[in-house]
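2 protein chains.
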Amino acid sequence: MRELDPLLHSELRLAIVSILMGVEEADFVYLREATGATAGNLSVQLDKLAQAGYIETTKEFVGKKPRTSCRMTDTGRRAFADYVDALKEYLRL
Amino acid sequence: MRELDPLLHSELRLAIVSILMGVEEADFVYLREATGATAGNLSVQLDKLAQAGYIETTKEFVGKKPRTSCRMTDTGRRAFADYVDALKEYLRL
DNA sequence: ATAGAGTAGTTTATTTTATAAACCAACATC
DNA sequence: GATGTTGGTTTATAAAATAAACTACTCTAT
């Protein structure tokens, strides 16, 4: 059986990637609200995705507030496509 | 976002259920070979699925050898259908 | 009869992962 | 000048997956 990329096969990381696949970019606060995750958990999982090169993050200051925004990389998009493909075998779609 | 049933959102358990959805029943050895899992891991994960009432197992002796065979329950089939449904949101299918 | 290897598992221990709790820095509000 | 808020990160704890070790039995060859 095909392996399911463990980096994507995690509820929160999958949710993050799922959201990012649909938009140019999304910021930390939006992702936190959309996924319902705690900030700590989100921070950790974003790091893992960034470490793997699946997403790219940029940290800037808007006025006095920090703002982290994220977007998919090509590597990430490919990994997601592969994951979906592999998963279809499991789901019998 | 819809929650992904954590019992099914595990590579090995999903593989087990995926196989069982396609057949009347399958035995331990078949599942071990088909999934490539170690016997220990398989034993643990089958227990969890049985505990949750997603699968049913029967242990009998065929000649002198033990034989554990597994099949889906209605509860399990419903859970799998729900899981697939929820996952489609994430996969954008 | 017994040592060695194989089958069919289970139990226990270890590692990995996910989650939550605590914390930091900067600001605004009372 | 406490008190709370926003936007995070770091660290600690809980939960999960995996691997290693073990049980019980059988079969073969010595």
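Taken in order, these protein sequences are the chains called H and U.
Residue numbers for the first sequence follow numbering that gives the first Met the number 0, so the first one is 0 and each next one is one higher.
Residue numbers for the second sequence follow numbering that gives the first Met the number 0, so the first one is 0 and each next one is one higher.
Glycine included, every Cβ here is placed at the ideal spot set by N, Cα and C.
In this structure, does DSSP put residue i in helix, strand or coil?
i	result
A25 of chain U	strand
S68 of chain U	strand
E55 of chain H	strand
Is the Cβ of residue i closer than 8 angstroms to any Cβ of chain H?
i	result
S17 of chain U	yes
L90 of chain U	yes
T37 of chain U	no
G75 of chain U	no
L41 of chain U	no
V83 of chain U	yes
T34 of chain U	yes
At a Cβ threshold of 8 angstroms, is residue i touching chain U?
i	result
M71 of chain H	no
E10 of chain H	yes
L30 of chain H	no
A14 of chain H	yes
T57 of chain H	no
L86 of chain H	yes
L3 of chain H	yes
Looking only at its own chain, which residues have a Cβ that is under 7 angstroms from the Cβ of residue i, when we skip the five neighbours before and after it?
i	result
E23 of chain H	R70
A51 of chain H	L6
E59 of chain H	R66
I18 of chain U	A25, L30, A33
L13 of chain H	L7
N40 of chain H	L11
If residue i and residue j are in contact, beta carbons under 8 angstroms, what's the gap, nearest whole angstrom?
i	j	result
E1 of chain H	A85 of chain H	Going by the sequence as given, residue 1 of chain H is Arg instead of Glu. That belief holds up - the Cβ atoms of R1 of chain H and A85 of chain H are roughly 4 angstroms apart, short of 8 angstroms.
G21 of chain H	Y53 of chain H	Going by Cβ atoms, the distance from G21 of chain H to Y53 of chain H rounds to 15 angstroms, so no, they are not a contact pair.
Within 10 angstroms of the Cβ of residue i, are there 16 or more other Cβ atoms? Answer buried if so, exposed if not.
i	result
F79 of chain U	buried
D73 of chain U	exposed
V61 of chain H	exposed
A38 of chain U	exposed
V16 of chain H	buried
L92 of chain U	exposed
Within a Cβ cutoff of 6 angstroms, which residues of the same chain sit near residue i, ignoring the five residues on either side of it in sequence?
i	result
Y82 of chain H	D4, L7
T56 of chain U	A49, T67, C69
F27 of chain H	T67
Go through its chain and collect everything with a Cβ distance to residue i's Cβ below 8 angstroms, but skip five positions before and after it.
i	result
K47 of chain U	L6, R12
Q44 of chain H	S9, L11, R12, I15, A36
E88 of chain H	M0, R1
K93 of chain U	Absent from the model: residue 93 of chain U. The displayed extent of chain U is 0 to 92, so no value can be given.
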